[in-house]
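Have a look at the structure below, then the notes.
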Amino acid sequence: MFAKPHPFSLVGECVMNKIKIIIDQVFEYPKEYAFPYEGVKVLIDGRDLIDLLCKFEKPFAEAEGHPDIAGDYSWLGTCYARRELFLGKIDLAYGDKCDKVAILECECRSEGCWPFAVKITVTDNRVIWSDFEQPHRVKGAGRGFWDYSNLGPFEFDLNQYLSEIEKIASRAEEK
């Protein structure tokens, strides 16, 4: 059964989301000292994931008086993004004791500084992204709580998803 949609699920009932992976040159923060790196860009239903998060997080960040931190993420570099990570199996930043993986990192690219995490569940015919979190904004983190319960879940067809994340594995083999 598919979850009922809400403002940031992007689709209605019985329609699966589509993921697109783009391996591309990305510039580090701060822009004036930018060094390009090869990053794994993620689009969901044609929408840039970072742009989607910026819009979603904006009310929380504004309430804290820091609107600039909404969507303040960078794409994972291809050296860190592995096929297994996008299947929810490993995460260097979160370790093996957690059921979530960081799919984005801080613009400064320091591990653990400002990651964005998701629980990735793989079934016989689909991949589900749910239980999103900004670990520095969870309950009890000492800062404001950012409630991601209205983000997603995103449900992808397993074959379409595997086809897209294969781009990550193919790129890793080229290196």
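Residue numbers (the numbering used here): 406 to 580. Beta carbons: idealized from backbone N, C-alpha and C, even for Gly.
- A straight line joining the alpha-carbon of Gly470 with that of Lys524 spans about 29 Å.
- For Ile495, DSSP assigns no beta-bridge partner whatsoever.
- The C-beta distance from Ala466 to Ile474 rounds to 5 Å, short enough to meet the 8 Å contact threshold.
- Distances from the alpha-carbon of Val420 to those of Pro520, Ile533, Ser554 put Ile533 closest.
- Ala468 has its alpha-carbon roughly 30 Å from the corresponding atom of Glu560.
- In this structure, DSSP gives Asn564 a helical state, which the three-state scheme calls helix.
- Classified as exposed, Phe550 has fewer than 16 neighbouring CB atoms from the shown chains inside 10 Å of its CB.
- By the C-beta density criterion, Thr528 is exposed, having fewer than 16 other C-beta atoms within 10 angstroms.
- Distance from Ile424 to Val445 at the Cβ level is roughly 11 Å; contact not present, criterion being Cβ atoms closer than 8 Å.
- Take Leu509, set aside five residues on each side of it, and the residues of its chain with a beta-carbon closer than 6 Å to its own are Tyr478, Phe521, in chain order.
- By the CB criterion at 8 Å, Lys505 and Glu538 fall inside the cutoff.
- In the three-state reduction of the DSSP assignment, Cys459 falls in the helix class, which pools H, G and I.
- Beta-carbon to beta-carbon, Ile573 and Phe491 are separated by about 7 Å, close enough to satisfy the 8 Å threshold.
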